[in-house]
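Student:
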Amino acid sequence: MTQLRHWVLTHFHADHYRGLTKSFSLGKVVCSAVTAQLVSTKLRVPMSNLLVLPMNQAVEVADGVSLTLVDANHCPGAA
632 MTQLRHWVLT
642 HFHADHYRGL
652 TKSFSLGKVV
662 CSAVTAQLVS
672 TKLRVPMSNL
682 LVLPMNQAVE
692 VADGVSLTLV
702 DANHCPGAA
């Protein structure tokens, strides 16, 4: 079985980040810069556990896996 190494956090709402704590160590949390700042400041998750992606630009996050964050117009940083 393949172990997950990346978790995508689309935006900073409690129903999406529930269970995410400063001791999270199951891989990288992929998110926008705004969401990363909120996660780091409010939940005290170290920036080293976050993979910040730019909006509207494909980024390879693993071998053969690319992600593109697109503004969801839902809340600040939502993708």
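Each residue of the sequence shown is one higher than the one before, counting from 632 in this note's numbering. In this text, a Cβ means the ideal position worked out from N, Cα and C, and glycines have one as well. Just so you know, these numbers come straight off a predicted model, no measurement behind them.
Note down, in chain order, each residue of its chain lying with its Cβ closer than 8 Å to the Cβ of residue 701, except the 5 sequence neighbours on either side.
Tutor: Cβ within range, chain order: 686, 687, 710.
Student: Name the residue from 691, 704, 673, 693 whose alpha carbon lies nearest to the alpha carbon of residue 645.
Tutor: Nearest option by C-alpha distance: 673.
Student: Distance, Cα to Cα, residue 706 vs residue 642?
Tutor: Looking at the two C-alpha atoms, the distance is approximately 7 Å.
Student: For a minimum of 4 consecutive residues, which ranges assigned as the alpha helix (DSSP H) are wholly contained in the segment 661–697?
Tutor: Counting only runs of 4 or more, we get 664–673.
Student: Please name the residue, chosen from 655, 650, 669, that lies closest to residue 708 on a Cα-to-Cα basis.
Tutor: For residue 708, the nearest C-alpha among the options comes from 669.
Student: Quick one, are the C-beta atoms of residue 692 and residue 660 less than 9 Å apart?
Tutor: Against a cut-off of 9 Å, the Cβ pair of residue 660 and residue 692 comes out as no contact.
Student: So residue 666 and residue 640 are supposed to be a Cβ contact under 8 Å. How far apart are they, rounded?
Tutor: The pair is a contact, with the Cβ atoms about 6 Å apart (cut-off 8 Å).
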